[in-house]
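*Asks:* Would you mind keeping the following structure in view while I ask a few things?
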């Protein structure tokens with residue numbers, strides 16, 4: 003009899019233990035990964051204006067290419083949270099999207115009790131989580147739960163308590179027989195205060211069904227980037243990756259840059275923010291949107307629904323897990339190029355009426371001008387870096403005292419014989435020192451590549467390398483290269499205006515290249531530059547022609563080296579610059595009165611068929 007009772011008791015305990023699921027096995031987690039497809043989500047549907055609904059926000063997100071939304075569940079108790087989550091699921095169902103709810107209540111209650119030095123009411127937490135999660139057992143719209151967002155990483159005692167409760171929450175979710183993966187965004191910072199704290203985090207993470215993490219530092223040049231987090235998570239367990247928070251443009255971790263990294267690891271993602279809104283995610287942490295800013299920090303849309311950067315949408319819509327050996331990264335020179343509207347916004351202060359100077363002390367006779375273009379010296383930097391950077395700083399101050407901004411030129415063909423690594427280090431270092439200096443109007447990375455060398459292959463590689471090095475410093479100023487290109491001289495009877503009328507095939511085909519410059523190299527340069535630049539010593543008619551071709555790129559136009567062949571061409575070229583909105587730097591001496599009076603003419607297009 004006693005033996006029979008023991009067998010029955012063991013059977014009851016076995017049935018009880020199997021009445022709820024345990025942590026997903028790695029195999030089950032990868033089955034989930036295959037079943038849900040590629041999650042392309044956004045965080046927190048905040049309205050652009052009072053009255054905009056979650057449904058309207060999600061519909062716009064769906065149009066853009068998002069298929070999931072992550073959000074903090076509203077409500078002060080389980081019943082309110084259940085009602086709020088049901089409403090979000092209903093909206094998501096109408097849009098054909100999934101949801102990833104974040105449980106906020108236990109996190110908030112924990113800090114209330116912790117800050118008051120009180121015991122944590124674990125029984126209250128258990129009842130809440132079981133009621134909430136159990137209410138949505140079998141709900142396929144929920145792709146995963148985030149039971150605790152960004153637990154503490156700065157305080158040993160608090161971290162230990164949070165990790166202990168997170169492990170308990172995972173167990174409670176299992177006891178409630180949750181059918182969706184249970185996660186917590188435990189890894190959101192690569193900084194650990196102590197080794198023991200790191201072990202607590204690893205232990206809690208090992209109890210999760212999926213690896214849910216955050217990274218706002220997916221730019222590869224970041225020393226503590228998201229790839230460090232990914233490697234740590236992969237050491238803990240072979241489970242699918244979901245990066246539930248990305249997108250900070252000011253440090254180079256914009257949408258395209260971040261997704262290029264995540265694709266290599268087969269990670270699902272949620273970007274932060276959709277519309278610019280009253281949460282003021284437009285500006286970086288701990289700063290105020292009361293002051294002007296650029297670029298936008300988070301978000302994908304302006305408040306009116308216009309896209310902030312079309313490349314974000316291209317990256318979003320084309321996002322897929324990279325196959326083995328596949329390269330989905332177009333490179334930082336492409337992903338980090340300024341959007342055209344940002345380049346135009348930078349130039350709103352008015353036309354540049356600049357002078358090319360022979361050196362950093364040649365600031366005499368500059369009446370009527372408001373800018374100077376100065377060639378910096380790679381050799382001087384290489385010889386005594388600290389002293390040279392101090393000299394550059396003094397030059398910028400001298401120019402500012404005269405009311406002028408500066409466009410530094412970093413390289414020319416004279417420097418090409420140096421080691422390319424030294425050249426890119428020089429470019430990166432100088433920009434790093436002055437990346438947020440308002441005295442600098444723009445960076446000319448290279449002036450006329452190919453004019454004095456025939457090595458097109460070397461130039462092509464070097465252009466990529468210097469753009470990569472420069473973009474890695476995330477300067478606040480636009481950057482560009484002035485290619486070696488001009489226009490085949492016109493015959494005396496050539497009607498250049500008629501040649502460019504609608505339907506006539508003309509324009510680029512009259513551009514002229516020499517030395518190592520080619521059509522392909524010029525196009526590459528203009529396609530990577532924030533500003534479209536050219537240099538000229540040709541008559542006004544040819545200047546207008548190259549300006550019209552540059553105009554096709556939709557960006558501010560610089561003429562970085564203008565030398566008029568005759569006095570008559572000065573007035574005609576200034577007129578063309580005014581009409582085409584060309585910012586110029588003259589090598590020819592321009593009368594101060596003409597320079598002072600120069601202004602852009604309003605572009606007016608007649609309504610004619």
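In this note's numbering, the protein residues as written are 3 to 611. Cβ coordinates follow ideal geometry from the N, Cα and C atoms, glycine included. Bear in mind the structure is a predicted one, so any value in this text is a computation, not a measurement.
Nearest CA to the CA of residue 434: which residue from 112, 475, 545?
*Replies:* 475
*Asks:* Please list, in chain order, all residues of the same chain as residue 114 whose beta carbon is under 6 Å from its beta carbon, the five residues on each side excluded.
*Replies:* Annotation for residue 114: no residue places its beta carbon closer than 6 Å to its own, counting only its chain and skipping 5 residues before and after.
*Asks:* For residue 590 versus residue 566, is the C-beta spacing smaller than 8 Å?
*Replies:* yes
*Asks:* Specify the secondary structure class of residue 467 as computed by DSSP and reduced to three states.
*Replies:* DSSP places residue 467 in helix when its eight states are reduced to three.
*Asks:* Ordered along the chain, which non-local residues of its own chain (more than five positions away) have a Cβ less than 7 Å from that of residue 489?
*Replies:* 512, 513, 514, 540, 544, 547, 548
*Asks:* Taking only the alpha-carbon atoms, compute the straight-line gap between residue 43 and residue 411 and give it to the nearest angstrom.
*Replies:* 42 Å
*Asks:* Can you tell me whether residue 598 is helix, strand or coil according to DSSP?
*Replies:* helix
*Asks:* Round the Cβ separation of residue 558 and residue 346 to the nearest angstrom and send it over; I've been treating them as touching at under 8 Å.
*Replies:* Going by Cβ atoms, the distance from residue 558 to residue 346 rounds to 6 Å, so yes, they are a contact pair.
*Asks:* Considering only residues of the same chain and omitting the five flanking positions on each side of residue 299, which have a CB-CB separation below 7 Å?
*Replies:* Only 250, 251, 252, 283, 284, 285, 286 meet the Cβ criterion.
*Asks:* Mind checking who residue 535 pairs with in its DSSP beta bridge?
*Replies:* Residue 535 is bridged to 560.
*Asks:* Please report the residue range of the beta strand (DSSP E) in which residue 185 lies.
*Replies:* Annotation for residue 185: the continuous beta strand (DSSP E) segment containing it runs 184-187.
*Asks:* Enumerate in chain order the residues of its own chain whose CB-to-CB distance from residue 451 is below 6 Å, with the five nearest sequence positions on each side excluded.
*Replies:* 461
*Asks:* Would you kindly check if the distance between the Cβ of residue 467 and the Cβ of residue 426 is under 8 Å?
*Replies:* yes
*Asks:* Sorted by chain position, which residues of the same chain lie with C-beta nearer than 6 Å to residue 171's C-beta, five sequence neighbours on each side aside?
*Replies:* If we look at residue 171 and ignore the five residues flanking it on each side, its Cβ neighbours are 131, 149.
*Asks:* Could you check where the alpha helix (DSSP H) with residue 228 kicks off and where it finishes?
*Replies:* 228-238
*Asks:* With distances taken Cα to Cα, identify the nearest neighbour of residue 599 among 582, 577, 608.
*Replies:* 577
*Asks:* If you measure between the beta carbons of residue 202 and residue 162, is that distance less than 8 Å?
*Replies:* yes
*Asks:* Does the beta-carbon of residue 564 have 16 or more other beta-carbons within 10 angstroms, so that it is buried, or is it exposed?
*Replies:* Burial check for residue 564: the Cβ neighbour count within 10 Å reaches 16 or more, so the residue is buried.
*Asks:* If you run the structure through DSSP and keep just helix, strand and coil, what is residue 1?
*Replies:* What the structure shows of the chain is the stretch from 3 to 611, and residue 1 is not part of that stretch, so it cannot be assessed.
*Asks:* Does the Cβ-Cβ distance between residue 553 and residue 582 come in under 8 Å?
*Replies:* Yes, the Cβ-Cβ distance between residue 553 and residue 582 is below 8 Å.
*Asks:* Could you tell me which residues DSSP pairs with residue 586 in its beta bridges?
*Replies:* 355, 561
*Asks:* Tell me the DSSP secondary structure of residue 243 in three-state form.
*Replies:* strand
*Asks:* The beta strand (DSSP E) spanning residue 111 covers which residue range?
*Replies:* Looking at the DSSP string, residue 111 is not in any beta strand (DSSP E); the run it does join, the alpha helix (DSSP H), is 107-117.
*Asks:* Straight-line CA distance for residue 164 to residue 26?
*Replies:* 22 Å
*Asks:* Quick one: complete beta strand (DSSP E) runs, 3+ long, within the stretch 137-169?
*Replies:* 147-151
*Asks:* Secondary structure at residue 498, three-state DSSP: helix, strand or coil?
*Replies:* helix
*Asks:* Assuming residue 340 and residue 532 are in contact, meaning their beta carbons sit under 8 Å apart, how far apart are those beta carbons, in whole angstroms?
*Replies:* 4 Å
*Asks:* Is it true that the stretch 489-500 meets the stretch 351-360, where meeting means three or more beta-carbon pairs spaced less than 8 Å apart?
*Replies:* no
*Asks:* Which residues bound the beta strand (DSSP E) around residue 484?
*Replies:* 481-484
*Asks:* Could you check what DSSP says for residue 213 in three-state terms: helix, strand or coil?
*Replies:* strand
*Asks:* Looking at the strands, I want to know which residues DSSP matches up with residue 514.
*Replies:* Answer by DSSP bridge pairing, in chain order: 488.
*Asks:* Less than 8 Å between C-beta atoms, sequence neighbours within five positions excluded: which residues of the same chain meet that for residue 370?
*Replies:* Excluding residues within five positions, the ones whose Cβ falls inside 8 Å are 355, 592, 593, 594, 595, 596, 597, 598.
*Asks:* Enumerate in chain order the residues of its own chain whose CB-to-CB distance from residue 517 is below 7 Å, with the five nearest sequence positions on each side excluded.
*Replies:* Excluding positions up to five away in sequence, the list reads 452, 453, 454, 455, 456, 486.
*Asks:* Measuring only the C-alpha atoms, how far is residue 607 from residue 495?
*Replies:* Computed Cα separation, rounded: 28 Å.
*Asks:* Closer than 7 Å by C-beta to residue 38: which residues in its own chain qualify, once you throw out the five before and the five after it? Chain order, please.
*Replies:* 145
*Asks:* Just to confirm, are residue 260 and residue 215 a CB contact at a threshold of 8 Å?
*Replies:* no
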